[in-house]
Amino acid sequence: MDLFEYQGKQLFARHGIPVPSGEVAETPEAARSAAERIGGKVVVKAQVQVGGRGKAGGIKLADTPAEAEEHARAILGMDIKGHTVHTVWIEAASAIVKEYYASITFDRGEKKPLVMLSAMGGVDIEEVAASNPEALARLHVDPLTGFQAHHARWLVSNAKIDVGAQKGVVAILQQLYAAFIDLDAMLVEINPLIWTESGDVVALDAKVTIDNNALYRHSDLAEMQQSVTEDEQERMAQERGVTYVKLDGDVGILGNGAGLVMSTLDVVALAGGRPANFLDAGGGSQADEVVTALEVLLSDTKVKSLLINIFGGITRCDEVAKGLLTALDKMNATLPIVVRLDGTNEEEGRKIIAEQAPDNVVVEQTMLSAAQRAVELAKGA
Amino acid sequence: MAILVDGNTKLVVQGITGREGTFHALRNRAYGTNVVAGVTPGKAGQDVEGIPVFDTVRDAVEGTGANTAMVFVPPRFATDAIYEALESGVDLVVCITEGIPAHDMLRIYTHLKRGDQTLIGPNCPGVISPGKGTVGIMPTQVFNPGRVGLVSRSGTLTYQISKELALLGIGQSTVVGIGGDPIVGSSFIDILSRFEADDETDLVVMVGEIGGNEEEKAAEYISQNMSTPVVSYIAGFQAPPGKQMGHAGAIITGSSGTAQGKKEALEAKGVRVGTNPTEVAELVRDALS
Numbered sequence: 204m205d206l207f208e209y210q211g212k213q214l215f216a217r218h219g220i221p222v223p224s225g226e227v228a229e230t231p232e233a234a235r236s237a238a239e240r241i242g243g244k245v246v247v248k249a250q251v252q253v254g255g256r257g258k259a260g261g262i263k264l265a266d267t268p269a270e271a272e273e274h275a276r277a278i279l280g281m282d283i284k285g286h287t288v289h290t291v292w293i294e295a296a297s298a299i300v301k302e303y304y305a306s307i308t309f310d311r312g313e314k315k316p317l318v319m320l321s322a323m324g325g326v327d328i329e330e331v332a333a334s335n336p337e338a339l340a341r342l343h344v345d346p347l348t349g350f351q352a353h354h355a356r357w358l359v360s361n362a363k364i365d366v367g368a369q370k371g372v373v374a375i376l377q378q379l380y381a382a383f384i385d386l387d388a389m390l391v392e393i394n395p396l397i398w399t400e401s402g403d404v405v406a407l408d409a410k411v412t413i414d415n416n417a418l419y420r421h422s423d424l425a426e427m428q429q430s431v432t433e434d435e436q437e438r439m440a441q442e443r444g445v446t447y448v449k450l451d452g453d454v455g456i457l458g459n460g461a462g463l464v465m466s467t468l469d470v471v472a473l474a475g476g477r478p479a480n481f482l483d484a485g486g487g488s489q490a491d492e493v494v495t496a497l498e499v500l501l502s503d504t505k506v507k508s509l510l511i512n513i514f515g516g517i518t519r520c521d522e523v524a525k526g527l528l529t530a531l532d533k534m535n536a537t538l539p540i541v542v543r544l545d546g547t548n549e550e551e552g553r554k555i556i557a558e559q560a561p562d563n564v565v566v567e568q569t570m571l572s573a574a575q576r577a578v579e580l581a582k583g584a
Numbered sequence: 013m014a015i016l017v018d019g020n021t022k023l024v025v026q027g028i029t030g031r032e033g034t035f036h037a038l039r040n041r042a043y044g045t046n047v048v049a050g051v052t053p054g055k056a057g058q059d060v061e062g063i064p065v066f067d068t069v070r071d072a073v074e075g076t077g078a079n080t081a082m083v084f085v086p087p088r089f090a091t092d093a094i095y096e097a098l099e100s101g102v103d104l105v106v107c108i109t110e111g112i113p114a115h116d117m118l119r120i121y122t123h124l125k126r127g128d129q130t131l132i133g134p135n136c137p138g139v140i141s142p143g144k145g146t147v148g149i150m151p152t153q154v155f156n157p158g159r160v161g162l163v164s165r166s167g168t169l170t171y172q173i174s175k176e177l178a179l180l181g182i183g184q185s186t187v188v189g190i191g192g193d194p195i196v197g198s199s200f201i202d203i204l205s206r207f208e209a210d211d212e213t214d215l216v217v218m219v220g221e222i223g224g225n226e227e228e229k230a231a232e233y234i235s236q237n238m239s240t241p242v243v244s245y246i247a248g249f250q251a252p253p254g255k256q257m258g259h260a261g262a263i264i265t266g267s268s269g270t271a272q273g274k275k276e277a278l279e280a281k282g283v284r285v286g287t288n289p290t291e292v293a294e295l296v297r298d299a300l301s
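First to last, the sequence lines map onto chains P and U. The first sequence begins at 204 in the working numbering and counts up one residue at a time. The second sequence begins at 13 in the working numbering and counts up one residue at a time.
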């Protein structure tokens, strides 16, 4: 789960990391009054979860509250790389001396947190890593003994952080690591981390990704998730607990098990089709869960044919067949549906479909033939 | 010989009185696994169809000599359950539970690698050595005794490929589901090295998917350390970057962890990669003939 900049900054502030004072606004008028309360020059920043906001015109400096309102009017509703701006963050403008970079990532390859620090911030850090690797200090942390002050001092020294800023950066790195652990984060990133004219070190941006599996112990973060999902089907799936990812094709996919569903998408593509989505109905699916999953799928008007690919382990094929019939009954869907059932109770499942399903449902024996048929039907529709 | 699970396995099931725990403990026993004990706090002295229940794993191990533990408890209790199993001294822990926080697994993994115990999973279907025993939730009817080892990050894809193998008359020595989380107790390399040492395994099928770099590391390992041939399959060519595809670990981060990158890494080391499950089985057949 990715957070917006303002959410990340609020969490950073809670962990003692200095951030500019600011407020969220959803209307130009609210942006103006926020700017009045903050006082002085402010920055109006589009809240979208995609890089390159500045270049796209989503970050503007305002000298007066009236100007902040004007910028907010231009930015709100703006489309930045497919993300609509619904919220702006208004914050006090900072007097920047230098821009640094700091991050902690969950390095699954090394199986350790990786702390990175650079004196070359405010730019794409992957470019720095490629063109000037010595400018990026990297340190893996033992998950059991944790991040100590001496680690922070090593990083600050190796990244060649300006002497006047070193103490502030050392403190922030330690707070950032504490936040990384406390929040069950997969990523915390500050780019740029700035050294100001008044000598402070401040997080001017915040990128935070939280582990979905840990949300049960962070009820406040789980609430933040609500504002994030844009796509209609993805939001519907999220509300109903269905594992769904929207793609841009026209062959709807329902399967069980992440690996089998990914493989189904690949096989559809190899057959010359374009999958409309990833949908994992999960292990042990009952008829009700299949109905819910189909409701999400069929609400996507781009879907021209549907491929249901089940390998029954804990999942029973007769339950899937019953769920399909119930869903069709309820939704009166007429698009072509190709079903492939294998594994536990496959015979019973196929029998239910053969005897009771409407004519738009066809059964195929293998995953490959089912994928080919679904692709043909999508093209013919 | 098989690997990990065989006739010497003595299994304790943590969470045995839960609905899923009971169902699968009994299914494992019906397949021939020696299920010696179950654990549910507060239910010591009871039994599940003759399997004695203990309050703690330590009591179960002392009382029955269990050498393998299967964790079947909900995610918020599973971290504790894994530590409890490890501290009881069993050789092998198989964790089925999906949804354990990644930071918890980072600490468990680091702790685990300082000792000599083995963890399979979490978020996995378990292990089966066809004809000898199973620990987990795999549908046993899909598998047949044979001489092909199979290691996979995915459950249903394992069943699909095993079915394709069965259609060609090919069975398995052992099938290991290592799990779909970003951090799992045993990597591809850990399992490949066991298959390499197993005199009942003639070939290994490695089933990977998007996310992380374990397949790439395995490619290097295979070229340096294995005489047993390996055939592979990678799922997720159609997965968009930055989206989690069901499994917590199945996510392309930036430009790393793509299916294409994994396929190329494996092929560069001479490992054949099938484009679909049917072709994987055909490659296995061709390699064995």
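Ideal placement from N, C-alpha and C gives every residue a C-beta, glycine not left out.
Interface residue (Cβ-Cβ distance to chain P less than 8 Å): U/F249 is classified as such. The beta carbon of U/P151 sits closer than 8 Å to some beta carbon of chain P.
Nearest to U/Q236 by alpha-carbon distance, out of U/D210, U/T213, U/L278, U/Q256, is U/L278.
Residues of chain U whose Cβ lies closer than 8 Å to the Cβ of P/V470 are, in chain order, N288. Under DSSP, U/C107 takes part in a beta bridge, and its partners are U/V83. Residues A49, P64, F66 of the same chain have their beta carbon placed closer than 8 Å to that of U/G75, with the five preceding and five following residues left out of the count.
A contact between stretches requires three or more CB pairs, one per stretch, nearer than 8 Å, and the stretch 237-248 of chain P meets this requirement with the stretch 256-265 of chain P. By the criterion of a C-beta distance shorter than 7 Å, P/Y419 is surrounded by no residue of its chain, once the five residues flanking it on both sides are discounted. Residue environment: U/N20 is assigned as exposed (fewer than 16 neighbouring CB atoms within 10 Å of its CB, all protein chains considered).
Of the candidates P/A322, P/A536, P/G285, P/A536 places its Cα closest to the Cα of P/S508. Within chain P, the C-beta atoms nearer than 9 Å to that of U/S166 come from G460, A461, G462, L463, M465, S466, in chain order. Just measuring C-alpha positions, the residue of P/G452, P/H274, P/A577 sitting nearest P/N563 is P/A577.
Rounded to the nearest angstrom, the gap between the Cα atoms of P/R217 and P/A382 is 9 Å. Remark: C-beta atoms of U/V243 and U/G286 approach each other more closely than 8 Å.
Counting the other Cβ atoms within 10 Å of the Cβ of P/R443 gives fewer than 16, which makes it exposed. At a cut-off of 8 Å between beta carbons, U/L169 contacts chain P.
With distances taken between CA atoms, U/E227 lies nearest to U/K274 out of U/S198, U/G282, U/V24, U/K274. For U/L38, the closest C-alpha among the options U/K55, U/D59, U/D18, U/G197 is that of U/D59. DSSP places U/S239 in no beta strand (DSSP E); its state is neither H nor E.
Using a Cβ-Cβ distance cut-off of 8 Å, the stretch 324-336 of chain P and the stretch 394-413 of chain P are in contact, since at least three pairs of beta carbons, one from each stretch, lie closer than that value. The C-beta distance from U/L169 to P/G462 rounds to 3 Å, short enough to meet the 8 Å contact threshold.
Close to chain U, meaning a Cβ-Cβ distance shorter than 8 Å, are the following residues of the stretch 302-327 of chain P: F309, R311, G312, K314, K315, P316. In this structure U/S268 touches U/N225 by the C-beta definition: roughly 7 Å separates them, less than 8 Å. Close partners of U/M257 in chain P (Cβ separation under 7 Å): V448, A461, M465, F481. Nearest CB-CB separation between U/K175 and chain P: below the 8 Å threshold.
The count of Cβ pairs closer than 8 Å, one atom from the stretch 25-32 of chain U and one from the stretch 127-138 of chain U, stays below three, leaving the stretches out of contact. Look at the stretch 23-48 of chain U: it has no residue with a C-beta under 7 Å from a C-beta of chain P.
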